Structure formats: structure tokens, C-alpha cells
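Data first, discussion second: the structure below is written as C-alpha cells.
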Amino acid sequence: FENIRDGEIEALADVLKFTLGAIRENVGDPPYNLMLHTAPSDGKPYEYFHWHIEIMPKLTRIAGFEWGTGFYINPTPPELAARILRGEE
11 FENIRDGEIE ALADVLKFTL GAIRENVGDP PYNLMLHTAP SDGKPYEYFH WHIEIMPKLT
71 RIAGFEWGTG FYINPTPPEL AARILRGEE
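Numbers in the working numbering are just positions in the sequence shown, counted from 1, shifted up by 10.
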């Protein structure tokens with residue numbers, strides 16, 4: 011992430027603006043967490059690791075499974091989520 015170029019920053023901003031706008035328009039502007047995942051910072055090269063961004067809208071309630079495991083269940087199949095974000099559902 012630290013090596014991103016200016017043009018890539020602008021493209022990333024466009025993608026985030028589009029994606030967050032699609033969530034707002036089609037899901038009802040839920041609260042969300044945006045996480046930037048980067049390689050470990052131990053000074054070693056990690057050529058295989060590619061940074062990425064994860065957006066997790068809060069669409070369901072946290073219950074026993076989530077509290078107990080730290081994992082979150084997404085009940086929406088990715089194909090349906092894509093159709094919703096495209097405004098097709």
C-alpha cells in the first residue's frame with residue numbers, strides 16, 4: 011500500500027466512492043467497517059501478499075456464534091449481493 015502511485019490512489023478513491031454509494035443506494039446506508047489489509051510489518055519481503063480493502067456493512071445482529079468465535083456470518087450469497095449492488099434486485 012505504501013508504494014501506491016498517484017493515479018492508482020485516484021482510481022482507488024473512485025472505486026470506493028462507487029462501492030460505498032452502491033451500498034448506500036441499494037442497502038439503505040448501513041453502518042460499516044472498512045479494513046485495509048497489508049502485509050506483516052516485520053521488515054521481511056512478502057512478494058506473495060497483495061494488500062486489499064474489505065468493506066463489512068453491518069446488516070445483521072451479532073449473536074452467540076460471532077461473539078464466541080470472532081467470525082461473522084454473511085447470510086447473503088455473493089451473486090445476490092452483486093445483483094443488489096448493481097440495483098437489479
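Glycine included, every Cβ here is placed at the ideal spot set by N, Cα and C. Quantities reported herein were computed from a predicted structural model and do not represent experimental measurements.
Neighbour-count burial assignment, residue i, 16 or more Cβ in a 10 Å radius
i: ILE33; result: buried
i: PRO67; result: buried
Bridge partners - residue i, DSSP secondary structure assignment
i: HIS47; result: HIS62
i: PRO67; result: TYR42
Minimum C-alpha distance to residue i - residue among the options
i: ASN43; options: PRO55, GLY53, LEU30 and SER51; result: LEU30
Whole-angstrom C-beta distance between residue j and residue i, which should lie under 8 Å
i: GLY97; j: ASN36; result: 6 Å
i: PRO88; j: THR70; result: Wrong, their Cβ atoms sit about 16 Å apart, outside the cutoff.
i: GLU76; j: LEU90; result: No, GLU76 and LEU90 are not in contact; Cβ-Cβ is about 21 Å, not under 8 Å.
Nonlocal neighbours in the same chain, by C-beta distance under 8 Å from residue i, ignoring five residues either side
i: TRP61; result: PHE11, LEU46, HIS47, THR48 and ALA49
CB contact below 8 Å: residue i versus chain C
i: PRO50; result: Absence of chain C from the displayed structure is noted, only one protein chain being present.
Sequence-distant residues of its chain with Cβ nearer than 6 Å to residue i (five each side left out)
i: GLU64; result: MET45
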